[in-house]
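Below is one structure; the comments refer to it alone.
There are 2 protein chains.
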Amino acid sequence: MARTDSLEVATALHRAAIRLLRTVRVADDETGVSAPKLSALSVLTFGGPRSLKSLAGAEQVTPATMSKLVSDLEADGLVAKRIDREDKRGVCIEVTANGRVLMEEGRKRRLALLNKRIAKLTREERAQLAGASAIMMRLAE
Amino acid sequence: MARTDSLEVATALHRAAIRLLRTVRVADDETGVSAPKLSALSVLTFGGPRSLKSLAGAEQVTPATMSKLVSDLEADGLVAKRIDREDKRGVCIEVTANGRVLMEEGRKRRLALLNKRIAKLTREERAQLAGASAIMMRLAE
DNA sequence: TCGGAATAATTAGTTTGACTAACTAACTAA
DNA sequence: TTAGTTAGTTAGTCAAACTAATTATTCCGA
Numbered sequence: 011m012a013r014t015d016s017l018e019v020a021t022a023l024h025r026a027a028i029r030l031l032r033t034v035r036v037a038d039d040e041t042g043v044s045a046p047k048l049s050a051l052s053v054l055t056f057g058g059p060r061s062l063k064s065l066a067g068a069e070q071v072t073p074a075t076m077s078k079l080v081s082d083l084e085a086d087g088l089v090a091k092r093i094d095r096e097d098k099r100g101v102c103i104e105v106t107a108n109g110r111v112l113m114e115e116g117r118k119r120r121l122a123l124l125n126k127r128i129a130k131l132t133r134e135e136r137a138q139l140a141g142a143s144a145i146m147m148r149l150a151e
Numbered sequence: 011m012a013r014t015d016s017l018e019v020a021t022a023l024h025r026a027a028i029r030l031l032r033t034v035r036v037a038d039d040e041t042g043v044s045a046p047k048l049s050a051l052s053v054l055t056f057g058g059p060r061s062l063k064s065l066a067g068a069e070q071v072t073p074a075t076m077s078k079l080v081s082d083l084e085a086d087g088l089v090a091k092r093i094d095r096e097d098k099r100g101v102c103i104e105v106t107a108n109g110r111v112l113m114e115e116g117r118k119r120r121l122a123l124l125n126k127r128i129a130k131l132t133r134e135e136r137a138q139l140a141g142a143s144a145i146m147m148r149l150a151e
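Residue numbers (the numbering used here), protein chains in the order written: chain A, 11 to 151; chain B, 11 to 151.
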């Protein structure tokens, strides 16, 4: 029976998240694109074009950080920036076709390590992870 | 019903972990000690003294990275290093009393943000997170 | 026993991603 | 028109990750 004291849960969750991301880092390296970049690319790929401020907010970093990251992605041909027609101060960032291809390939490769291990779990365990992921996203809002 | 396709689970989990750690970073900053340091300190606090190589392995970073991190912790009086009596090449690292105090205080503070949100979850949701944490640790091995 | 290989830790150098500060350009309201 | 606000960019700084190189110790085979 898993413990349900919220402090214990928070501790375990925090620790597990750190470990998990470190494990995935190996496979991430194979895409030639870092985890923060893949994460931002993912937001654009699945959520559609957005402003830099919006993207920074979604990724919970400052606009300055996201500006640099997007510049790198643009240089790599993975995203495109256009001046926002309605507000000339802003830009609209969207994923390119190359970006989509990389996302799909990278998604598979990035998660192959995790995937292989997750595939060995029971259906119940996988459901538990999926459910927990959704809850974690709510905690992170 | 949560989806159980392993690739989808891996994707969601990866994304959620990134977000979660970013959220917690705010509270971590209040301890004056970074998340990687707290994590290493936690290993020592709960798992007992260990060699640098062992600690690096537990934290999934290179010995070089851990060497620097431990030096910083030692400078802050949070850990102590002793030459390993049985192998003069190695060191034995253990947490100090100060380190323990900080761990306890920092643990509370670090997780207060998460805690508050987790406390609002249902018992079932908390159990799900706890169970998922254990699974995630296994995935990270 | 001795020498070479392996091992444990440390340091230097590099890169990335996070932040803050400062700046420019555009927008909005008075 | 002007002052304040907002969106984005750039420069500088720092922490954490890596690799490469180095030093000291240990181990193992000849």
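Yeah, the Cβ is synthetic: ideal placement off N, Cα and C, and Gly gets one too.
Answer with yes or no whether the minimum CB distance from residue i to chain A is below 8 Å.
i	result
Leu131/B	yes
Asn108/B	no
Leu54/B	no
Arg25/B	yes
Ser143/B	yes
Ala140/B	yes
Ala45/B	yes
Met146/B	yes
Arg119/B	no
Glu40/B	no
Below 6 Å CB to CB, which residues in the same chain sit around residue i once its five sequence neighbours on both sides are set aside?
i	result
Met11/B	Confidence is the limiting factor: at Met11/B the pLDDT is only 44, short of 50, which leaves the residue's position unreliable, though a coordinate-based value still follows. Cβ within range, chain order: n/a, list empty.
Lys63/B	Pro73
Arg13/B	With a pLDDT of 49 at Arg13/B, under the threshold of 50, the predicted position of this residue should be treated as unreliable, and no value is reported.
Which same chain residues, not among the five before or five after residue i, have their C-beta less than 8 Å away from its C-beta?
i	result
Arg136/B	Ile128
Ser49/B	Glu69
Gly100/B	Ser61, Leu62, Lys63, Ile93, Asp94
Leu139/B	Ile128, Leu131
Against chain B, with Cβ distances strictly below 8 Å, would residue i count as a contact?
i	result
Ala22/A	yes
Leu115/A	Sequence check: residue 115/A is Glu here, not Leu. No, its Cβ sits nowhere closer than 8 Å to a Cβ of chain B.
Val34/A	yes
Ala150/A	yes
Ser49/A	yes
Arg60/A	no
Val111/A	no
Leu124/A	yes
Excluding the 5 residues preceding and the 5 following residue i in the sequence, name in chain order all residues of the same chain whose CB lies nearer than 7 Å to its CB.
i	result
Arg25/B	none
Asp97/B	none
Who pairs with residue i in a beta bridge, going by DSSP?
i	result
Ser61/B	Cys102/B
Ala90/A	Glu104/A
Touching by the beta-carbon criterion (3+ pairs, under 8 Å), the stretch 54-71 of chain A and the stretch 89-102 of chain A | yes
Relative to chain B, which residues along the stretch 74-106 of chain A have a C-beta separation below 7 Å, given in chain order?
-> none
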